[in-house]
Structure formats: structure tokens, C-alpha cells
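Asker: Attaching a single structure in C-alpha cells format; questions to follow.
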Amino acid sequence: MFAFIEGQVCEKANGYLVLMAAGVGWQLSCSNNTLQAAPAVGGVMRCCTYLSVREDAVELFGFASREEKEMFLRLISVSGVGPKTALGMLGAMPLRELNLAILLGDVNALSRAPGIGKKTAQRIALELKDKISQADVSAQADAGAAPAVSMAADCVTEAIEALIALGYSSAEARNAVSGVRDQADKPEELIRLALRAMAGM
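Going by numbering that gives the first Met the number 0, the sequence shown opens with residue 0, and the numbers climb by one from there.
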């Protein structure tokens, strides 16, 4: 119904912001990442939006980027993950890191988000891993990612792609790299460790 709303930031609070557009103050539920990306009160911002209509509530959600909105829609498609839980996940880590955690099936990283237990994290990883590509991880959509996080994501992505080029399946490559990702910070070292792990050495 609403693709985006662009207007002046009138209020920033915990969990939401208010944009003034066309004489109307639109209250948008947002993740912490979107709130951090929003300008100070008085500044102008464009938010991608999603309108949630339920029997007991109508709520408008706002996102600093199209990529964040797309991840939100993916998350709420998973059974047991509602809009509030999805916002909590988006705010718990940079978008790029969330993509990487899903791609690698990193249940521990996913379950650190508020309201996410191990079973829900496993379900998210299982249902969404095929919807996340290395391109999602490598993309610079998350401009706020810390350099160290970006470099780590690049290394992991490069290692996975290299293993796939060597003939391993996408799942084999993801699982192998996931098991050794904390042991090295260079692609060639990750590849070597992953190959040794798959060979049982």
C-alpha cells in the first residue's frame, strides 16, 4: 500500500520514529539500525514501509533501506517470527552480518537476538538459507557495517565460493566454512582449514 514515506523527522524514540509528510505525522516502528541511520529531529528522511494489518492491530513499519525491508519480509515469512521479533533481529546485528549468519546456518549468532531461541534460530536458518546469496553478504547495502565485520564477511564469502568452484555443493561449502570461520581471517586459510575438516584431518 505504501512503498515509502519521505518527510521531516519529528520524533525519535525507542522502537519508533515519527515522520511528518503531507501534514500527517506517521509513526513508524523501526529497528535500532534504522533509528541510528535516521537524521536528527528536523532532518528529512525517506523510509521504505510495510503496513501490517491484523485482527487486533494495524501497524506501520519503517526501514532505512530496501534491503532491510526485504530481510524483514523474509523473516516474518518464517513460522513463529512476528514483526516485532523480526525488528529485534534486524536491530541486533548489522544487516550484512545477519545475512552471513543465515547463509552459514550460524544458530548461535541468530539466537543472540532478543526473543530468538535455538529452535527458532534453526528454523530461520533452515527456511531462509536458500534465499540468501553470497551477493547479499558481499553487497555494500549495509553502509554502517564495521570494517572488521565487512572484511570477515568478504573472507567467508570468498572461501565458500572457492570451495564451490572446487566442486563441493553449496551446503557442503557453507557447513565447512562455518565450522572454521573463527580460526582464520584470510580466505586462503579458511579454505585450507575447511578442506582439512572435510577430509577428517
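Quick reminder that beta carbons are idealized off the backbone N, C-alpha and C, glycines included.
1. Could you say which of G104, E54, F71 lies nearest to C29 if we only look at CA atoms?
2. Hey, out of F1, A161, E66, whose CA is closest to E58's CA?
3. Just to confirm, are V155 and L125 a CB contact at a threshold of 8 Å?
4. Taking Cβ positions, are V179 and A193 nearer each other than 8 Å?
5. Is there contact between the segment 43-59 and the segment 86-103, where contact requires at least three CB pairs shorter than 8 Å?
6. Tell me whether V181 is buried or exposed, calling it buried when 16 or more other Cβ atoms sit within 10 Å of its Cβ.
7. What is the DSSP secondary structure of K12, reduced to helix, strand or coil?
8. What residue range is occupied by the uninterrupted alpha helix (DSSP H) comprising L109?
9. Which two residues bound the contiguous alpha helix (DSSP H) that contains R95?
10. Given a cut-off of 8 Å on the beta-carbon distance, is the pair K83 and V40 in contact?
11. Can you tell me which residues form a DSSP beta bridge with A20?
12. Grab me the residues of P38's own chain with a C-beta within less than 7 Å of its C-beta, minus the 5 sequence neighbours each way, in chain order.
13. Determine, using beta carbons only, whether L27 and F3 come nearer to each other than 8 Å.
14. Mark R195 as exposed unless 16 or more other C-beta atoms lie within 10 angstroms of its C-beta, in which case mark it buried.
Answerer: Let me lay it out:
1. On the sequence shown, position 30 is the one that residue 29 refers to. Just measuring C-alpha positions, the residue of G104, E54, F71 sitting nearest C29 is F71.
2. In the sequence shown, the residue the question calls residue 58 occupies position 59. Among F1, A161, E66, the Cα nearest to that of E58 belongs to F1.
3. In the sequence shown, counting from the first residue as 1, residue 155 sits at position 156. In the sequence shown, counting from the first residue as 1, residue 125 sits at position 126. 8 Å or more divides the Cβ of V155 from the Cβ of L125.
4. Along the sequence shown, read from residue 1 onward, the residue named residue 179 stands at position 180. Along the sequence shown, read from residue 1 onward, the residue named residue 193 stands at position 194. In contact: V179 and A193 (Cβ atoms closer than 8 Å).
5. Not touching, per the Cβ criterion.
6. Residue 181 sits at position 182 when you count from the first residue of the sequence shown. First, the residue type needs correcting, since residue 181 is Asp and not Val in the sequence shown. Counting the other CB atoms within 10 Å of its CB gives D181 a total below 16, which places it among the exposed residues.
7. For the purposes of this step, residue 12 is taken as residue 13 along the sequence shown, with counting starting at 1. Note on residue identity: the sequence assigns Ala, not Lys, to residue 12. The three-state secondary structure of A12, taken from DSSP, is strand.
8. What you label residue 109 is simply residue 110 of the sequence shown in a count that begins at 1. Counting along the chain, the alpha helix (DSSP H) containing L109 begins and ends at 106-109.
9. Translated into the one-based positions of the sequence shown, residue 95 becomes position 96. Unbroken alpha helix (DSSP H) run through R95: 94-103.
10. Walking along the sequence shown from the start, residue 83 turns up at place 84. Walking along the sequence shown from the start, residue 40 turns up at place 41. Not in contact: K83 and V40 (Cβ atoms no closer than 8 Å).
11. Counted from its first residue, the sequence shown places residue 20 at position 21. Bridge partners of A20 according to DSSP: V23.
12. Taking the first residue of the sequence shown as 1, we reach residue 38 at position 39. Once the five neighbours on either side are set aside, the close Cβ partners of P38 are V8, M44.
13. Taking the sequence shown and counting its residues from 1, one reaches residue 27 at position 28. Taking the sequence shown and counting its residues from 1, one reaches residue 3 at position 4. Their beta carbons are not under 8 Å apart, which means L27 does not touch F3 by this criterion.
14. The sequence position of residue 195 within the sequence shown is 196, counting from 1. With fewer than 16 Cβ atoms within 10 Å of its Cβ, R195 is classed as exposed.
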